[in-house]
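Single-structure report; data block below.
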Amino acid sequence: MNMLRKSFKFQKVMFYIYMIFLIACFIFAISFMTQYSNLFGLELPMNDGVTAFHSSMQKFDRNIIFFSLASIVSIIFMFALEVHKKVVDKFAFVIMSLLILWELFICVYGIINMANLMTSYKGVDFQYLYLEDPALENYQLKFETFYIGYIIYILTIISSVLFLISIVLSHILYLKQNKNNHDEIVSSLS
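The letter at position 116 of the sequence shown is residue 115 when you use numbering that gives the first Met the number 0, and the numbering goes up by one with no holes.
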């Protein structure tokens, strides 16, 4: 019983940590393009590379926003299944496992695509930006958003794995305890 309590306490802590990182992923997704908004709307042919890069950033941003909305739905499921209040049953176990696997996919997708975007970003020719916006004459590459994304996604992966471990552990210990109780009852009846 003591192990089950400790395991559930771990599950409860991981529930809130995991939820915080799901929200962080959502906030990151909706703010991702903010730092690059000045690269939008360029019309001169010599800035086509910048426009193409911005378009690929927008496609990635749309995808991570969609994915992070699904993560917010995960939070709703987590509360509906009362994962923070009790050991999950088989149904909740399957649903939560699938939702966590989905979040792991999102994080890996984000990390891989941000690496590709960073490589593209380094290769874009920004020397003619000033022709369309004089304020962009000395444009400096800005990687902070990418680094923040890496940190958020890596921490989300860690919290996802730990949350899954906590659910699995609590579930196994609960089943084991119930089997032992069942065996004791059956043996007392004989």
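A virtual CB, placed ideally from N, CA and C, is assigned to each residue, including glycine. No experiment lies behind these values; they were computed from the predicted model shown.
Beta-carbon gap between residue i and residue j smaller than 7 Å
i: phenylalanine 7; j: serine 158; result: no
i: alanine 28; j: isoleucine 75; result: no
i: isoleucine 71; j: phenylalanine 25; result: yes
i: leucine 3; j: leucine 116; result: no
i: threonine 50; j: cysteine 106; result: no
For residue j and residue i, the rounded distance between their alpha carbons
i: methionine 13; j: tryptophan 101; result: 17 Å
i: histidine 53; j: lysine 175; result: 54 Å
i: glycine 122; j: glutamine 139; result: 13 Å
i: leucine 43; j: valine 160; result: 47 Å
i: methionine 45; j: tyrosine 120; result: 16 Å
i: glutamine 126; j: threonine 118; result: 18 Å
i: asparagine 1; j: isoleucine 22; result: 32 Å
i: lysine 58; j: isoleucine 151; result: 20 Å
i: aspartate 60; j: alanine 69; result: 14 Å
i: phenylalanine 9; j: valine 93; result: 19 Å
i: valine 82; j: tyrosine 108; result: 26 Å
i: leucine 97; j: leucine 163; result: 10 Å
i: lysine 85; j: lysine 11; result: 9 Å
i: methionine 18; j: lysine 141; result: 29 Å
i: lysine 5; j: isoleucine 16; result: 17 Å
i: alanine 114; j: aspartate 47; result: 21 Å
Buried versus exposed call for residue i [16 or more other C-beta atoms within 10 Å across all chains shown]
i: phenylalanine 90; result: exposed
i: methionine 95; result: buried
i: phenylalanine 66; result: buried
i: asparagine 177; result: exposed
i: phenylalanine 78; result: exposed
i: valine 185; result: Because the pLDDT at valine 185 is just 41, under 50, the model does not fix this residue reliably, and the point stays unresolved.
i: isoleucine 111; result: exposed
i: methionine 56; result: buried
i: isoleucine 99; result: buried
i: threonine 33; result: exposed
i: histidine 170; result: buried
i: serine 30; result: exposed
Cβ-Cβ separation, residue j to residue i (assumed contact under 8 Å), whole Å
i: isoleucine 166; j: valine 87; result: 6 Å
Q.
For the structure I just gave you, are there three or more beta carbon pairs, one from the segment 132–152 and one from the segment 31–42, closer than 8 Å?
A. Contact between the segment 132–152 and the segment 31–42 is present: 3 or more CB-CB pairs across the two stretches fall below 8 Å.
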